[in-house]
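> Sharing a structure, written as structure tokens. Questions coming.
4 protein chains.
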Amino acid sequence: MTRIGILTSGGDCPGLNAVIRGAVLKGTEVHGQEFVGFLDGWRGLVEGDVIPLDRSRVRGLAQQGGTILGTSRFGPYQGPDGGAQNIQKTLDRLGIDAVIAIGGEGTAAASKRLFGEGIRIVGVPKTIDNDLSHTDYTFGFDTAVEIATVAIDRLRTTGNSHKRCMVLEVMGRHAGWIALHAGTAGGAHAILIPEHPESLEQICEWVTSVRDRGRSPMVVVAEGFTLPEMEEAYSTKGLDGFDRPRLGGIAEVLAPLIEKHTGVEARATVLGHIQRGGVPTAFDRVLATRLGMAVTDLVAEEDWGHMVALHGTDIARVDFDELAEPKYVPDERYQEMRILFG
Amino acid sequence: MTRIGILTSGGDCPGLNAVIRGAVLKGTEVHGQEFVGFLDGWRGLVEGDVIPLDRSRVRGLAQQGGTILGTSRFGPYQGPDGGAQNIQKTLDRLGIDAVIAIGGEGTAAASKRLFGEGIRIVGVPKTIDNDLSHTDYTFGFDTAVEIATVAIDRLRTTGNSHKRCMVLEVMGRHAGWIALHAGTAGGAHAILIPEHPESLEQICEWVTSVRDRGRSPMVVVAEGFTLPEMEEAYSTKGLDGFDRPRLGGIAEVLAPLIEKHTGVEARATVLGHIQRGGVPTAFDRVLATRLGMAVTDLVAEEDWGHMVALHGTDIARVDFDELAEPKYVPDERYQEMRILFG
Amino acid sequence: MTRIGILTSGGDCPGLNAVIRGAVLKGTEVHGQEFVGFLDGWRGLVEGDVIPLDRSRVRGLAQQGGTILGTSRFGPYQGPDGGAQNIQKTLDRLGIDAVIAIGGEGTAAASKRLFGEGIRIVGVPKTIDNDLSHTDYTFGFDTAVEIATVAIDRLRTTGNSHKRCMVLEVMGRHAGWIALHAGTAGGAHAILIPEHPESLEQICEWVTSVRDRGRSPMVVVAEGFTLPEMEEAYSTKGLDGFDRPRLGGIAEVLAPLIEKHTGVEARATVLGHIQRGGVPTAFDRVLATRLGMAVTDLVAEEDWGHMVALHGTDIARVDFDELAEPKYVPDERYQEMRILFG
Amino acid sequence: MTRIGILTSGGDCPGLNAVIRGAVLKGTEVHGQEFVGFLDGWRGLVEGDVIPLDRSRVRGLAQQGGTILGTSRFGPYQGPDGGAQNIQKTLDRLGIDAVIAIGGEGTAAASKRLFGEGIRIVGVPKTIDNDLSHTDYTFGFDTAVEIATVAIDRLRTTGNSHKRCMVLEVMGRHAGWIALHAGTAGGAHAILIPEHPESLEQICEWVTSVRDRGRSPMVVVAEGFTLPEMEEAYSTKGLDGFDRPRLGGIAEVLAPLIEKHTGVEARATVLGHIQRGGVPTAFDRVLATRLGMAVTDLVAEEDWGHMVALHGTDIARVDFDELAEPKYVPDERYQEMRILFG
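Protein chains in written order, with the UniProt record's numbering: chain A, 1 to 342; chain B, 1 to 342; chain C, 1 to 342; chain D, 1 to 342.
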């Protein structure tokens, strides 16, 4: 019987528990696999900190946010017990034949390296930011977009009542997918993303044109967006952690600038952590469940070094390094929506 | 300047207004098109009943459920003024150059015929049932699945408190997509769909096995599912309308049968119309907006006889008759999830 | 140290777990009490079926629907081990000093009788129907109203798109509180409740007047409403269980009658069990938590025979029999809202 | 026929439109009153900027957030046309017999003064902060609490996955009602409100005790809370606007302090404006509707100088100055919940 260890790494993401459940239920039922969970991501693997994962432990998890295994930003090459050789010894000691790593870009890169050094490892891509290549979507993204969209719906009425410009900052340090989708869904009048520079002048033009036809401007901005004219000044503020939303972020910089240049009262809201926690949407639960089920096939077929991914409505397999490529919002997708601005 | 008439036909579907908004905003801005709306689906076209649709009329519609144009089950070949020739005369009289028809299977088939008889028509596929081919998803489906999933989450606690089997009937007369996705998302112990027969014996086996490990069974059934052993008796009840959920439907037949054969108290809930109304999910708003925008390109390019569709993350074009083919849940998708039953 | 047994009886109700949590946390912390839970309502008490309830067991329960103790319609005078004398013996055997009974009208009445026969018992009123006297609200009611209101919001768009009359049946066998509040919140054009007869003629007049000004009528009906002109015919259908919504209920009777008499297409939806399960609203969580905390004071003060209740923003104490009096929608409250009909 | 002008003043608040609708529907139907709306609060009254408000204009507004009349922080004694004498002239010129002012503390105080100077004015209390005396609740509060509670539910899973302390800042400059209710509903381990000082030491003790039993601490803090030991330093930051949540507020001060003193990683979220916009809860819609209806009775009876209020389940009347008294969380209510901390 193949004994598999699962770990969840990086920032919290709605659907992690659904992946774990899907893997354990299918793996035990179809492939006769056995499962344990590494606690707190790679730390649990490196330190050999495991808990048993049987069918009864994962029942009812599809709708539960977070991860029962815990997560951290610890890496597999970190600490005295890190590195492929040590990890293989730990796996041997624990009688674990294979590893399923659920994580983002960093996890994919580290998994690739471990695989190259002989670890039997497969993966499931995870990021609310949706910025991994060779998969249509990652689970967690749909939930984050839904939460941001509901926030836009709420801010809109207040904007209209006060004739204010509302500026909502959503997650997306390097890629603007959440802003693009939530902004489109919420009918934003400007969507600002890291991939596409827009000048303050242009932003104020959109705001003014909305105000001029008697409506209240809604601006959605990804946390990683910067104004070209202020990049230098701004960069001195620093980015002090990977997934921590910068309270005092770009929305707080933008709102007073917009107010100053347009005369439209502007208010900033930084959505922050509520985008990455809680009950997943049905879309994310289905996607996460299917990915979790499919990754057990990779183990059964000893197809190491691959991750599962979504292509259309099919679950596909891709190399670790393909997935780790960043997926930015392509210019044509941004231009498509930019038509709706203003 | 091209003058376009838009119509929305068939059952209500979250996202219709977002399609209309996307088309009008892009069409006027990019292609210099002008828009009117036909009221109540094909009726408005056949009877020449139109309203103006300019940018200000469609602002703020992305998040609004229903259709500002109204909808009906009227067909374009219906009544004394129906048929391609009459319709062409009406279009000429109103100075309308092209038609955008937003509708389901029936609309696609009728549009195909009108196109064959010379009408300049293009289309946007619409069905909460997701049962149209050559598109990954139709807008409205994600919202219906989310609503059904939230209902499962609620029913689950009551099932557990009372140690009851809860039977939830969702929409899906011919295809079980809503049941498949919501059942998977909600962690159902049995999902019953029209495409795949399951015997009462098998259903009761799942229910019993869940009960035996101390949990409360959750059964999700599509309205079009029938038990093989009772098809004859059942069919005499008749289906009296196209989109009307059968109160007194299959869930009401199943629940007492399950209770009788397993001894587990069972309760039926028929979700009904709340699946097809109200605020669309962000996913559906984005999809509907993109489809509405893309369909104006077809008109601009005079690419008559086609509909827009979702392929992966791209908006594609397909023939009317391709789309009108029914898309059933394929056996492998059902078997994939069937592993999780019981 | 006082050892207390808690039970939850009757239909499922959002907030039950919050009551249990509030009682255990305050009781252990402030009064030095110890807790066990009787399983499945009175059955657990009668049969001596208990589980330990300490602080760690109840942590995190405020937001969880249902009851971890299970519930049933079993009564304390039922079976060979029922009755005050037997129950006292069971309590003595288990070393339990006092009982907290969380339940509705039946539970209050039974508790009153047990108290009269010497059982040290106090209570917490519970019903989603809100039909208990001497308390402003019962927990669970706010959640049920919110769910029904969201359903009305969804049905409204479909009604408008199709120009249909939507008829929504909500819970309320004897009292129309859910219908009154949800109908008011949802802007219903007619609210029909058991306490106040309305003729079919009057209902159709409201429907027609709404239709005549170009809108789509929304009718909200409590399951216990009957049309005076058809009471006899209707009563032959029978009411076969206490909390089972009658699929094939009054909405299904009303919709075709309205359609027949007004010519307005009408559709029925029976909301059913989703009204009584799942995550409680914040209002219900706060109310349930406060009631659970307060009931431990009654035990500490040996104030047997009383229940806790909500008066304004205060938690008060009332006799079992005061609470068991049914609380109907008073005529002035119905007339107040009736102004908005049509 | 009495002609009434309605205005909505101060910060946005879910339920404003429901009040307007309730007043217009009852006033026209029962009292034969006629209505206009002043735009942007007191500005519309002072400048005589009005729109007609008939039944058709207010239909469907119960579920709509914001205010169709607009709102502002303009006061009735502001500008060259302000003051009772000028306002009376404006009312005379417009043929308006009475004013209904919907607003908070400032509005109540200003209305009191206007009433004293002869203006025929009545009022409806409005604040999401719930800090007005002589009414059990104000509309908007329940919605704000629900939104904050849902945010806590989401943050909780992320806290647990990362073993972090999550610090959520909610509205409440002077009174901690939102924090108290949402914190209770969300099962917070510490609730910090302006009315009740807690030392950093005490807060860290709660955080540590939660961490020590293996759980993730949740701290809910009202924006107006300050740490006694840092009040001086903190006050220099200034409060630059009335309803603007301080991004960079108390949560951002607290989180790093907690992390530093306990070693538990801590993250801040500032909920901000999404607490005061969007669709109202059913509770707030019912309350707002009833208040709107009842305030027309005051006009009909010429009972000037009063506001409507909620006492238990009844709508009562209170003096302007009674209502304007601030309502703080009483010590016993805070102590009641403080039992649950840690």
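We treat Cβ as the ideally placed atom computed from N, Cα and C, and that holds for glycine.
Computed from a predicted structure; not experimentally measured.
When you compare only the Cα positions, how much space is there between residue 162 (chain D) and residue 69 (chain A)?
Between the alpha carbons of residue 162 (chain D) and residue 69 (chain A) lies a gap of roughly 10 Å.
> Does the Cβ of residue 198 (chain B) have 16 or more other Cβ atoms within 10 Å, making it buried, or fewer, making it exposed?
buried
> Counting only Cβ-Cβ distances shorter than 8 Å, please list the residues of the region 282–314 of chain A near chain B, keeping chain order.
282, 283, 285, 286, 289, 290, 293, 311, 312 and 313
> Assess contact between the region 81–88 of chain D and the region 30–41 of chain D, defined as three or more Cβ pairs (one per stretch) separated by less than 8 Å. Is contact present?
No contact exists between the region 81–88 of chain D and the region 30–41 of chain D.
> So residue 30 (chain C) contacts chain D; which residues on that side make the cut at Cβ distance below 9 Å?
339
> Ends of the beta strand (DSSP E) at residue 20 (chain B)?
Boundaries around residue 20 (chain B) are those of the alpha helix (DSSP H), 16–26, since no beta strand (DSSP E) includes it.
> Buried or exposed, going by whether 16 or more other CB atoms sit within 10 Å of the CB of residue 274 (chain A)?
buried
> Taking the straight line between their C-alpha atoms, what separation do you get for residue 34 (chain C) and residue 201 (chain C)?
59 Å
> What does the Cβ neighbour count give for residue 332 (chain A), buried or exposed, with the cut at 16 atoms within 10 Å?
exposed
> Assuming residue 276 (chain B) and residue 75 (chain B) make a contact with CB atoms under 8 Å, what is their CB distance in whole Å?
Rounded, the Cβ-Cβ distance is 20 Å, inconsistent with contact.
> Are the C-beta of residue 100 (chain D) and some C-beta of chain A separated by less than 8 Å?
no
> With 8 Å as the threshold, decide whether the Cβ of residue 181 (chain D) is near any Cβ in chain A.
no
> Based on Cα-Cα distance, which residue from A:133, A:321, A:7 and A:57 lies nearest to residue 48 (chain A)?
A:7
> Measuring CA to CA, which of C:272, C:268 and C:51 is closest to residue 269 (chain B)?
Cα-wise, what sits closest to residue 269 (chain B) is C:272.
> Could you tell me the distance, in whole angstroms, from the CA atom of residue 155 (chain A) to the CA atom of residue 81 (chain A)?
Rounded to the nearest whole angstrom, the C-alpha separation of residue 155 (chain A) and residue 81 (chain A) is 49 Å.
> Let me know the secondary structure DSSP gives residue 226 (chain B) once reduced to three states.
coil
> State the Cα-Cα distance for the pair residue 58 (chain D) and residue 210 (chain C), rounded to the nearest angstrom.
14 Å
> Could you tell me whether the Cβ of residue 175 (chain B) comes closer than 8 Å to any Cβ of chain A?
So, not an interface residue.
> Can you give me the Cβ contacts of residue 64 (chain C) inside the same chain, cut-off strictly under 6 Å, excluding the 5 residues immediately before and after it?
17
> Quick one: what's got a C-beta closer than 6 Å to residue 228 (chain C)'s C-beta in the same chain, skipping five residues either side?
Close CB contacts of residue 228 (chain C) within its chain, under the 6 Å cut and outside five residues either way in sequence, are with 197 (chain order).
> Is residue 35 (chain C) helix, strand or coil when you go by DSSP?
strand
> I'd like to know if residue 202 (chain D) contacts chain C, where contact means its C-beta is closer than 8 Å to some C-beta of that chain.
no
> In whole angstroms, what is the alpha-carbon distance linking residue 32 (chain C) and residue 295 (chain C)?
14 Å
> With which residues is residue 319 (chain A) paired in a DSSP beta bridge?
A:306
> When burial is assigned at 16 or more other CB atoms within 10 Å of the CB, is residue 336 (chain A) buried or exposed?
By the neighbour-count rule (16 or more Cβ atoms within 10 Å), residue 336 (chain A) is buried.
> Have a look at residue 15 (chain A) and residue 279 (chain A) and give me their C-alpha separation to the nearest angstrom.
So the two alpha carbons sit approximately 8 Å from each other.
> If you follow the beta strand (DSSP E) that residue 340 (chain C) is in, where does it begin and where does it stop?
Run containing residue 340 (chain C): none; DSSP gives neither H nor E here.
> Please classify residue 56 (chain B) as buried or exposed, where buried requires at least 16 neighbouring CB atoms within 10 angstroms.
exposed
> Nearest by alpha-carbon distance to residue 95 (chain D): which of D:123, D:72, D:50 and D:146 is it?
D:50
> Listing by chain order, which chain B residues have their CB less than 8 Å from the CB of residue 151 (chain C)?
274
> Any idea if residue 245 (chain C) is buried or exposed, counting beta-carbon neighbours within 10 angstroms, 16 or more meaning buried?
For residue 245 (chain C), the predicted model reports a pLDDT of 39, less than 50, meaning its position is unreliable; a value from the coordinates is still stated below. Answer is buried; the Cβ neighbour count reaches 16.
> Note down, one range per segment and in chain order, each beta strand (DSSP E) of at least 3 residues found wholly within the region 123–187 of chain D.
165–170
> Which first and last residues belong to the beta strand (DSSP E) in which residue 52 (chain C) is found?
50–52
> In whole angstroms, what is the alpha-carbon distance linking residue 79 (chain D) and residue 110 (chain D)?
14 Å
> Check whether the Cβ atoms of residue 4 (chain D) and residue 119 (chain D) sit closer than 8 Å, and answer yes or no.
no
> Can you tell me which of the three DSSP states residue 99 (chain B) falls into?
strand
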